[in-house]
Amino acid sequence: RAKGNRAKPELLQVDPALASSALPPGSTTPELKARIHALLEARPELLERVSTASDLRISAMTPDDAQDLADLQEEWFPKESCRGGAPWCAELLAHEGVLAFKATLPEDETSAPVGIVVALSNKAAIEEFGGEATVDILRSELTIPKYIPWDSPDRRELGYVLSLGTVGELRRRGLGNALLQRSLAELRSAAKASNTFLGEQKDTALRAVALHLADYNRVARACYEQAGFEMIKEEPDSYAGVGRRTH
């Protein structure tokens, strides 16, 4: 699919049941412009054939998926949390330290994502896409007190989940957990593939995985805690948007 040739997406009216749990309480729900919604409206039988996450395909994302990622991010998160749209997403998906995956319907020839996960596998990616505040918190709360090596850009002992989400039509099927588990497995694999400065292979291990989460997002918190995550710090206003907190 050639970039820039896609028709402007049709905006659909939002069913409150499809709204993201990451949106602050009382906020205006964004329009649904990701192309998957129009597809499911035109072909509802695709949805009827999916009962669990195992019925979906999970594959790696590429820079060609940048517009899809940007559209979904704008639906799921407050405007203040969304960065530079498709161009920024293309840079993100092209970075060698980024591990990104999408779930798609098995009979959808267009491969429109119904869920995505983006994880940062090394220090360079975390510094570039996580932001200075995130780096400071990871250093003070994890790498220094837990003695996690983090002294060079290619360090992979600490991973970071930048984004995880599923479209409202496919929630409660275990897809969020399936995508999270895929990202954790890939982070472990990436950590083991590290090289020394002499080019020799060294046996490293993933020591920790971190993420930020708004305190009102109880649905996501339950998913992460079930996967073994624990809260290490709570700070007012460190997660973009008014009245939000981070875990």
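Mind the numbering: the sequence shown is residues 5 to 251 in our numbering, read in order. Ideal Cβ positions, reconstructed from N, Cα and C, are used throughout, including at glycine.
Excluding five sequence positions before and after residue 147, the CB atoms of its chain that fall closer than 7 Å to its own CB belong to 154 and 162, given in chain order. DSSP links residue 170 through a beta bridge to 119. Under DSSP, residue 33 forms no beta bridge with any residue. Under the three-state reduction of DSSP, residue 228 is assigned to helix. Setting aside the 5 residues that flank it on each side, residue 143 is surrounded in the same chain by 154, each with a C-beta closer than 8 Å to its C-beta; the list follows chain order. Within the same chain, and ignoring the five residues on either side of residue 133 in sequence, the residues whose Cβ sits closer than 8 Å to its Cβ are 96, 99, 102, 124 and 166. Between the alpha carbons of residue 164 and residue 91 lies a gap of roughly 21 Å.
Each residue's CA atom was taken as its position, placing residue 106 and residue 60 some 10 Å apart. Residue environment: residue 151 is assigned as exposed (fewer than 16 neighbouring CB atoms within 10 Å of its CB, all protein chains considered). Within the region 135-160, the runs of alpha helix (DSSP H) that reach at least 4 residues and sit entirely inside it are, in chain order, 136-142. With 16 or more other CB atoms across the displayed protein chains lying within 10 angstroms of its CB, residue 117 is buried. Under DSSP, residue 64 takes part in a beta bridge, and its partners are 105. In the three-state reduction of the DSSP assignment, residue 212 falls in the strand class, which pools E and B.
Our two residues, residue 214 and residue 229, have alpha carbons roughly 12 Å apart in a direct line.
Shown here for residue 115: same chain residues with a beta carbon closer than 7 Å to its own, the five before and five after excluded, namely 108 in chain order. Per the coordinates, the alpha-carbon of residue 223 lies some 10 Å from the alpha-carbon of residue 176. Contact annotation: residue 188 and residue 119 have beta-carbon atoms that are not nearer than 9 Å. As DSSP reads the structure, residue 220 sits in no beta bridge. With distances taken between CA atoms, residue 74 lies nearest to 34 out of 34, 225 and 173.
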